[in-house]
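**Q** In full-length UniProt numbering, the protein residues as written are 1 to 943. Just so you know, even glycine gets a beta-carbon here, dropped at the ideal spot from N, CA and C. Just so you know, these numbers come straight off a predicted model, no measurement behind them. For reference, the structure I am asking about is given below.
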């Protein structure tokens, strides 16, 4: 079993934000049962099953982090299997989070016994937190460390033994003893009656008078009220009352049967009359405040924890006579066998025992401290090491890196003896009170060779010198000698001697012998073709395995030209025989394989257009294999094969891959398939039958004008909210208004469209406030006020309603651009439009500048072909669209009522006044109107 530790995701978050000037507080640790997959450890925020708190005993700074020492002791009457430790921390003013998780690598954990079975059990765990932050770190250390009874007993025994051996240990006390009277009593005049630090005198009734009692004074007594209780004025300020009861499962009851529950209140002290443990109410639970230091009251341990506080406070009274007792009131009987015959002697003996106890306790504490910082024994090598050829380091018995430093030779490779050193760290000593380095020998033993090597396989006479191969022979481990080679058949003897780091299994390292032999010549195997032959068109002869011309004579088919199978014969010569003793010829088959096929295509890619709807691929191959071809998209392109030519026919726009195959022929194998990529720019002459991607392809290739005409339409659906108006799948035809319109200024390879037509009529998109002034956003007005300041560029219409503040891939919400179908937006091209972008009656050439638009309104000159109310310089950078240049109607109808003509906006500001923009009137004529009126929208775009 091993432990795995990680910094959790929460921990990485805290450490990332823990910078210089911030304080990270490690608040607590806990132990639990159960595990998670290692991959899930990072995401854990809590233990699988938290069983108890774990004490943080210490933290030690190490390179790049902190080492925490955690401690677990039994806390309940049920044991469990410990699999996880968690560590919680927080930044200032934040909630704590689990920052580190440690868990066993298997489901087998550390068995934590029940408190009843093993109350003294302690499990200590060291966890490493790796980080390099520079912030302030605070670790909440649990002061309740556990010292085992065995360790404490050894320390106390050593201290008491030392005290008992000191003959002068009591000299000072005996010097202060009082003399006794003839009756064996202390004289009254030797008692400090009624004085500070003395004894109290008794009244006539033999009682200590109240005047000599320390009533109401620190460390004194409290007077009782009429009911015989301590008045609340004499209780601590934080205590209103003391309530006695029976504590059971987190609640207090007035009866032993736990039937009548006491309502908890803050400021009261609750005493469990069964255990004598005191509690306070925290607001949510009862918290024990009088049992934290309880060790259990036995004959050899301290008093109960709830009595220790009172006894300690009383012991701290330095002056006065707390009990007001007079010497003649005290009778003495030597029940404790102090060896005293009078009160003075008893007091002396008791005082001496108190001094002895204090001295013993101090000595015990000193001994315990010394034990904790004394290294009992010098570490020794744990187990053995055997030579492996790689560096090795021993493990050590009794080595703790927190108390000592390892030095000297800590790693070795060769077999032999090495010396390591161990030096106590600062604050630690050896058992002999020294702290110098101590030398410890450790060893690496020789590796064992299990057996003497043996001959591997057999040797047969060849007429030449031969050397055997050996099983179990490694030149790094053994030196080979003796007979290492031979020519004649017979027996030989080689020797093997272990090298420096090895020995035989019997522990010796001297040479051992091994016999080996050379057998008589036998031809064990009929020769076989070596390697392979491939058709070349010329005669070829094979190479043979196991063929020796001194042993065999070849006959039969000794050569061939075509691919296929052949038969040769082999006959032993006079000095050899087959392994069955025969000398007759034996057959051996050999073959010539087919040559690799080859295939090339020309071309490997092509483009088919409306002008050339077919293309040819020339196939070049080796041999006579059959040629086939296949298209992966027959809806785009089809193929046919004739001889060495593959004909490709374009069907529709798209891309197809043509795969050409050649089958195996007489002397050639089938080559790898080859492909030709075919781009088909064949478009339907009916614009609406083409996809927007196909339309863009025709535009990109410059072929659009040869396929379609101005006025051709393609249907789309407008869907969504535009301003305040919602279009629900409005079916509308876009139509071509020009090819490469004004391309020198607006961009080449563009088809310009208008939006749009319904039922063959030019329509304008209208909202519910058509032909009404609207001074708020969401309507089809140029601006929300009566102004053309900033011209076309600054209009609410351009930026917001049409959506030019965004892009087709990221259109603004509630814009016309966002309401267009995604396949159209995917092919839209921006267009550079020139317009008066100043307004405010700025009829100047400098006011005409460019904007980059995805959607636009048409300018006065682009529709009319002449200038009436626009800036006179706009027309210098504009052209009339071919659609209207051809005389097509300029009257637009409401999209929702194609029998109702509407006026529709143009993007040109009125040249002579700051309020107006140009528009097309219901009869198709020029006009201008205030920018804040809602009107029809006829938008343009390009693909």
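(1) Using 8 angstroms as the cut-off, can you tell me whether the stretch 702–717 makes contact with the stretch 634–651, which would need three or more C-beta pairs spanning the two stretches below that distance?
(2) I'd like to know if the stretch 528–539 and the stretch 587–601 are in contact, where contact means that at least 3 CB-CB pairs between them fall below 8 angstroms.
(3) What are the start and end residues of the beta strand (DSSP E) that includes residue 627?
(4) Per DSSP, which residues does residue 504 bridge with? Please list them.
(5) By the DSSP assignment, the alpha helix (DSSP H) with residue 883 in it spans what residues?
(6) Return the first residue and the last residue of the alpha helix (DSSP H) that residue 746 is part of.
(7) Please classify residue 937: does DSSP put it in a helix, a strand, or coil?
(8) Any chance the stretch 12–24 sits against the stretch 107–117, with 3 or more Cβ pairs inside 8 angstroms?
(9) Just how far apart, CA to CA, sit residue 96 and residue 10?
(10) With burial defined as no fewer than 16 other Cβ atoms inside 10 Å of the residue's Cβ, what is the status of residue 938: buried or exposed?
(11) To the nearest angstrom, how far is the alpha carbon of residue 904 from that of residue 781?
(12) Measure the alpha-carbon distance for residue 373 versus residue 269 and round it to whole angstroms.
(13) For the UniProt domain "DUF6273" (804–927), list the beta strand (DSSP E) runs that are entirely contained and at least 3 residues long, ordered along the chain.
(14) What number of angstroms, rounded off, separates the C-alpha of residue 514 from the C-alpha of residue 386?
(15) Looking at the structure shown, is residue 750 part of a helix, part of a strand, or coil, going by DSSP?
(16) Pick out whichever of 471, 703, 41, 245 has its Cα sitting closest to the Cα of residue 260.
(17) Since residue 424 and residue 435 should fall inside the 8 angstroms C-beta cutoff, what is the C-beta to C-beta distance between them, to a whole number of angstroms?
(18) Can you tell me which residues form a DSSP beta bridge with residue 382?
(19) Give the range of the alpha helix (DSSP H) segment to which residue 707 is assigned.
(20) Can you name, in chain order, every residue of its own chain whose Cβ lies under 8 angstroms from the Cβ of residue 519, other than the five neighbours on each side?
(21) What is the residue span of the beta strand (DSSP E) that residue 67 lies within?
(22) Please list, in chain order, all residues of the same chain as residue 901 whose beta carbon is under 6 angstroms from its beta carbon, the five residues on each side excluded.
(23) Please give the ranges of any beta strand (DSSP E) in the stretch 594–664, keeping only runs that are unbroken, at least 3 residues long and fully inside the region.
(24) Quickly, what does DSSP pair residue 90 with across the bridge? List them, please.
(25) Taking DSSP as the reference, what is the three-state secondary structure of residue 359?
(26) What residue from 86, 886, 853, 834 has the CA that sits closest to residue 871's CA?
(27) Going by C-alpha distance, which of 104, 759, 517 is nearest residue 896?
(28) Excluding the 5 residues flanking residue 428 on each side, which residues of the same chain have their C-beta closer than 8 angstroms to its C-beta?
(29) Please classify residue 119: is it buried, with 16 or more other beta-carbons within 10 angstroms of its beta-carbon, or exposed?
(30) For residue 312, which residues from the same chain have a beta carbon less than 6 angstroms from its beta carbon, with the 5 sequence-adjacent residues on both sides left out?
(31) Scan the stretch 517–590 and note each continuous beta strand (DSSP E) run of 3 residues or more that stays entirely inside, going in chain order.
(32) Checking the sheet assignment: what are the DSSP bridge partners for residue 280?
(33) What did DSSP end up calling residue 160 once you bin it into helix, strand or coil?
(34) Report the option in 99, 439, 482 whose CA atom is closest to the CA atom of residue 418.
(35) Look up residue 295 in the DSSP assignment and say whether it is helix, strand or coil.
(36) Is the stretch 620–637 in contact with the stretch 661–675, if contact means three or more CB pairs nearer than 8 angstroms?
**A** Taking the structure as given:
(1) Touching, no, given that fewer than three Cβ pairs across the two stretches are closer than 8 angstroms.
(2) Output reads yes: the stretch 587–601 touches the stretch 528–539.
(3) Residue numbering aside, residue 627 sits at position 627 when the chain shown is read from its first letter. 627–631 is the extent of the beta strand (DSSP E) around residue 627.
(4) By one-based count along the chain shown, residue 504 stands at place 504. 449, per the DSSP bridge assignment.
(5) As a position in the chain shown, residue 883 is number 883, starting the count at 1. Residue 883 -> alpha helix (DSSP H) spans 882–885.
(6) Taking the chain shown and counting its residues from 1, one reaches residue 746 at position 746. Where residue 746 is concerned, the enclosing alpha helix (DSSP H) stretches over 743–746.
(7) As a first step, residue 937 is located in the chain shown; it is residue number 937 there, counting from the start. Note: residue 937 maps to strand in three-state DSSP.
(8) Touching, no, given that fewer than three Cβ pairs across the two stretches are closer than 8 angstroms.
(9) Along the chain shown, read from residue 1 onward, the residue named residue 96 stands at position 96. Along the chain shown, read from residue 1 onward, the residue named residue 10 stands at position 10. Rounded to whole angstroms, residue 96 to residue 10 spans 10 angstroms at the Cα level.
(10) On the chain shown, position 938 is the one that residue 938 refers to. Buried: at least 16 other Cβ atoms inside 10 Å.
(11) The residue given as residue 904 occupies position 904 in the chain shown. The residue given as residue 781 occupies position 781 in the chain shown. Using only the alpha carbons, I get a separation of about 10 angstroms.
(12) In the chain shown, the residue the question calls residue 373 occupies position 373. In the chain shown, the residue the question calls residue 269 occupies position 269. Cα to Cα, the separation comes out at about 41 angstroms.
(13) Listed in chain order, they are 831–836, 848–853, 892–894, 897–902, 904–909, 916–920.
(14) Locating residue 514 in the chain shown gives position 514, counting from the first residue. Locating residue 386 in the chain shown gives position 386, counting from the first residue. Computed Cα separation, rounded: 26 angstroms.
(15) Within the chain shown, residue 750 is the residue found at index 750, counting from 1. DSSP places residue 750 in coil when its eight states are reduced to three.
(16) Translated into the one-based positions of the chain shown, residue 260 becomes position 260. Closest option to residue 260, Cα to Cα, is 245.
(17) As a first step, residue 424 is located in the chain shown; it is residue number 424 there, counting from the start. As a first step, residue 435 is located in the chain shown; it is residue number 435 there, counting from the start. So it is a contact: roughly 4 angstroms between Cβ atoms.
(18) Mapped onto the chain shown, residue 382 falls at position 382. Answer is 395, bridged to residue 382.
(19) Your numbering for residue 707 matches position 707 in the chain shown. Per DSSP, residue 707 belongs to the alpha helix (DSSP H) from 704–707.
(20) For the purposes of this step, residue 519 is taken as the residue at position 519 of the chain shown. 458, 459, 460, 461, 489.
(21) Taking the first residue of the chain shown as position 1, residue 67 is located at position 67. Per DSSP, the unbroken beta strand (DSSP E) holding residue 67 starts and ends at 65–72.
(22) Your numbering for residue 901 matches position 901 in the chain shown. Apart from the 5 residues on each side of it in sequence, residue 901 sits with its Cβ closer than 6 angstroms to the Cβ of 891, 893, 922 in its chain, given in chain order.
(23) 599–602, 605–609, 614–621, 627–631, 637–642, 645–650, 654–662, all fully within the stretch 594–664.
(24) Here residue 90 corresponds to residue number 90 of the chain shown, with the count starting at 1. BP columns for residue 90 point to 25.
(25) By one-based count along the chain shown, residue 359 stands at place 359. Under the three-state reduction of DSSP output, residue 359 falls in the helix class.
(26) By 1-based counting over the chain shown, the position of residue 871 is 871. Scanning 86, 886, 853, 834 for the CA closest to the CA of residue 871 turns up 834.
(27) One-based indexing of the chain shown puts residue 896 at position 896. Ranking the options by Cα distance to residue 896, first place goes to 759.
(28) The residue given as residue 428 occupies position 428 in the chain shown. These residues qualify, in order along the chain: 373, 374, 375, 403, 404, 435.
(29) What you label residue 119 is simply residue 119 of the chain shown in a count that begins at 1. It is exposed - the Cβ of residue 119 has fewer than 16 other Cβ atoms within 10 Å.
(30) Counting from 1 along the chain shown, the entry for residue 312 is found at position 312. Here residue 312 scores only 45 on pLDDT, less than 50, and its place in the model is too uncertain to base an answer on.
(31) Every beta strand (DSSP E) stretch that sits fully inside the stretch 517–590 and reaches 3 residues is listed by chain position as 528–530, 543–545, 552–556, 564–572.
(32) Here residue 280 corresponds to residue number 280 of the chain shown, with the count starting at 1. Answer is 269, 287.
(33) Position 160 of the chain shown, counted from the start, is the residue given in the question as residue 160. Caution is warranted here: a pLDDT of 47 is assigned to residue 160, below 50, making its placement in the model unreliable, and no coordinate value can be reported.
(34) Here residue 418 refers to the residue found at position 418 of the chain shown. Nearest in C-alpha terms to residue 418, of all of 99, 439, 482, is 439.
(35) Here residue 295 is taken as the residue at index 295 of the chain shown, counted from 1. With a pLDDT of 27 at residue 295, under the threshold of 50, the modelled position of that residue is not reliable, and no figure is offered here.
(36) Output reads yes: the stretch 661–675 touches the stretch 620–637.
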